[in-house]
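Novice: Residue numbers (this note's numbering): 48 to 330.
I have a structure here, written as structure tokens, and I will follow up with some questions on it.
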């Protein structure tokens, strides 16, 4: 068979791919097919040319088609984009032994073997971390030990510990150690699964458990309950002070009324005495 050469490295193509027409927007001319209908590039060459092994904001803004003047912005190439397709028919027909595309790797095999090796086995293949940065497979674990999206299990032996993705951490604790995180919002206490200790903590001991107030219809976390009760105390104190002030004013008014009443009674009494001691005029 006639072996193709890569448009980028100019070596015999390894794990051949062709760019989709929509990538560069190449147009077919009369009597000719579009640019990548027959030509191929190596898988790693294609990815490096479009900088697919870099985060979006680390890529350059313009890449030119290898065969025409059309350009593309690699920063706009998302994971879901149809960028290239592997030529499986070509690989199945080529039985020549090739070295791995990564010069540090000692693997050798046919095109199909090489494709599988690059996807599943090669220690130097590029892997994307959940933090959107790319690393070689043999460097990924060292990165994960420092990545904020991973966590070390404090219950696994130090010799066996492997960084665990944060979203999978609770599932790991349950599966490997029979531990569950307290379901009360804000609490991260580790509890033995399906034990009285678990129920006692959740219902009686956890300061993040929700309790209802005995003096109103509100509910709050237990650790905030004392402050909630203090609000009731302050509210009642304000009401008591207000009631005492109202009582004082009412007492003052009552005292004034009693004083006026006594004055009036004294006046009436004095008038009565005066009339009783005044002699009646002669008839």
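All C-beta atoms, glycine included, are put in the ideal place defined by N, C-alpha and C.
Please state whether DSSP places residue 226 in a helix, a strand or coil.
Specialist: DSSP places residue 226 in strand when its eight states are reduced to three.
Novice: Quick one: using the 10 Å Cβ neighbour count with 16 as the cut-off for buried, is residue 119 buried or exposed?
Specialist: When all chains shown are included, residue 119 counts as buried.
Novice: Quick one: residues in its chain with C-beta nearer than 7 Å to the C-beta of residue 159, no 5 flanking neighbours on either side, listed in chain order?
Specialist: 138, 139, listed in sequence order.
Novice: By DSSP's criteria, residue 132 is part of a beta bridge. Which residues make up the other side?
Specialist: 65.
Novice: Count the other CB atoms, across all protein chains shown, that sit within 10 Å of the CB of residue 54; report buried if there are 16 or more and exposed otherwise.
Specialist: The residue in question, residue 54, is buried, as its Cβ has 16 or more Cβ neighbours within 10 Å.
Novice: Between which two residues does the beta strand (DSSP E) containing residue 53 stretch?
Specialist: Premise fails: residue 53 is in no beta strand (DSSP E) and is neither H nor E.
Novice: Considering only residues of the same chain and omitting the five flanking positions on each side of residue 226, which have a CB-CB separation below 8 Å?
Specialist: The answer, listed in chain order, is 202, 220, 237, 238, 239, 240.
Novice: My output table needs one value for residue 154: the three-state DSSP class, helix, strand or coil.
Specialist: DSSP places residue 154 in coil when its eight states are reduced to three.
Novice: Any idea what DSSP makes of residue 205, helix, strand or coil?
Specialist: Of the three classes helix, strand and coil, the one that applies to residue 205 here is coil, per DSSP.
Novice: Ignoring anything shorter than 3 residues or poking outside the segment 77-144, list the beta strand (DSSP E) runs there in chain order.
Specialist: Qualifying beta strand (DSSP E) stretches, in chain order: 131-133.
Novice: Nearest to residue 231 by CA position, among 211, 210, 268, is which residue?
Specialist: It is 268.
Novice: Can you name the start and end residues of the alpha helix (DSSP H) that residue 184 belongs to?
Specialist: Per DSSP, residue 184 belongs to the alpha helix (DSSP H) from 184-191.
Novice: Determine the direct distance from the alpha carbon of residue 64 to that of residue 93, and round the result to whole angstroms.
Specialist: About 8 Å.
Novice: What is the residue span of the beta strand (DSSP E) that residue 173 lies within?
Specialist: Its beta strand (DSSP E) spans residues 173-175.
Novice: Let me check one thing: in DSSP terms, what residues is residue 267 bridge-paired to?
Specialist: Answer by DSSP bridge pairing, in chain order: 258.
Novice: Starting from residue 239, follow the beta strand (DSSP E) in both directions and report where the run begins and ends.
Specialist: From DSSP, the beta strand (DSSP E) with residue 239 extends over 237-239.
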